[in-house]
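Visitor: Those letters in the sequence shown? Residues -19 to -1, 1 to 188, by mature numbering (1 follows the signal peptide of the UniProt record, and there is no 0).
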Amino acid sequence: MAAYTYLFLLLLLPLSGLEATTGKEWLVTAQSRLSIAGSSNVNEFECASISYAGDDVLYESWDAKSQRPVMNGLITLKASGFDCQNRIMTHDLRKTIQAEKHPIIKVRFLSLQRIPGTGKQQKATGLVEISLAGISRQYQIEAAFEEGRAGNATLKGCWEFSFSDFNIEPPTKMMGAIKVNNSLAVDFELHLQGLTASQQDTVIGKR
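1. Where does R95 sit, in a helix, a strand or coil, going by DSSP?
2. Give the DSSP-derived three-state secondary structure of I122 in the structure shown.
3. Give the DSSP-derived three-state secondary structure of T2 in the structure shown.
4. Contact between the stretch 83 to 90 and the stretch 47 to 65 is defined here as three or more beta-carbon pairs at a separation below 8 Å; is this criterion met?
5. Please tell me whether F169 and L15 are closer than 8 Å, where the distance is taken between their beta carbons.
6. Considering only their Cβ atoms, is the gap separating N162 from S145 smaller than 8 Å?
7. Rounding to the nearest angstrom, what Cα-Cα distance links D64 and K46 in this structure?
8. Could you give the C-beta distance for L171 and L136, rounded to a whole number, given that I count them as a contact under 8 Å?
9. In chain order, what residues of the same chain lie with their CB nearer than 8 Å to the CB of P97, ignoring the 5 residues before and after it?
10. Buried or exposed: where does G30 fall if 16 or more other Cβ atoms within 10 Å of its Cβ makes it buried?
11. State the beta-bridge partners of S117 as determined by DSSP.
12. By the DSSP assignment, the alpha helix (DSSP H) with I69 in it spans what residues?
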């Protein structure tokens, strides 16, 4: 009986090694962008993160249950790094999201599952967690993943949230005459660079 058990374990070893090689790491480069769009009772606005330095990492592994690749990882942004192309609006946004008290915005991909398609672009769907102004909330999102040449890829997507999700009051101006609406939309385009085994040893990722 012991001999059969030993033989069974030996047969499993190649499978274990194969499964271990399916993991992949993607470096999020500084060319990536994330913007927040909203509106008031008088106009629309868009505020983009202009100070993202890259160096975050997304991890991709094979999910045996769904038989699909799943991505997860953490992206950190400076709350003071958003620019609305308007000095007053930029100041108001940073004050509203409490940039001084909570200087870091965290975007954590919890389980972004890639769905194989017929073309170059694949649909991706899953959960993302946003930490803003000291509060974390989870959202279901849809995105598009497209792998290019030389180990590059692009991940694009969007989701909607509200100031009230994070217990934040939308800013107002002129004694309430101008009111920013509660609903906002986040749009992101992540430029990814696949890491080799040697690069993975030197890049510090954040889960």
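From the three backbone atoms N, C-alpha and C, an ideal C-beta is built for every residue, glycine too. Small disclaimer: the values here were computed from a predicted structure and weren't measured.
Guide: This is what the structure gives:
1. Working through the sequence shown from its first residue, we reach residue 95 at position 114. Correct three-state label for R95: strand.
2. Mapped onto the sequence shown, residue 122 falls at position 141. Three-state result, I122: strand.
3. By 1-based counting over the sequence shown, the position of residue 2 is 21. Annotation note: pLDDT 38 at T2 (below 50); position unreliable, coordinate value reported separately. Residue state, collapsed to three classes: coil.
4. yes
5. The sequence position of residue 169 within the sequence shown is 188, counting from 1. The sequence position of residue 15 within the sequence shown is 34, counting from 1. Yes, the pair counts as a contact, with Cβ atoms nearer than the cut-off.
6. As a position in the sequence shown, residue 145 is number 164, starting the count at 1. As a position in the sequence shown, residue 162 is number 181, starting the count at 1. Going by C-beta atoms, S145 is not nearer than 8 Å to N162.
7. In the sequence shown, counting from the first residue as 1, residue 64 sits at position 83. In the sequence shown, counting from the first residue as 1, residue 46 sits at position 65. Taking the straight line from one Cα to the other gives about 42 Å.
8. For the purposes of this step, residue 171 is identified with residue 190 of the sequence shown, where counting begins at 1. For the purposes of this step, residue 136 is identified with residue 155 of the sequence shown, where counting begins at 1. Rounded, the Cβ-Cβ distance is 4 Å, consistent with contact.
9. Along the sequence shown, read from residue 1 onward, the residue named residue 97 stands at position 116. When the five nearest sequence neighbours on each side are left out, the beta carbons in the same chain lying within less than 8 Å of the beta carbon of P97 are those of R49 and Q103, in order along the chain.
10. Stepping through the sequence shown from its first residue, residue 30 is reached at position 49. What sits at residue 30 in the sequence shown is Ser, not Gly. That one is buried.
11. The residue labelled residue 117 in the question sits at position 136 within the sequence shown. Note: S117 sits in a beta bridge opposite S112.
12. As a working note, residue 69 is residue 88 in the sequence shown. Taken as a continuous stretch (DSSP letters only), the alpha helix (DSSP H) holding I69 covers R68 to T77.
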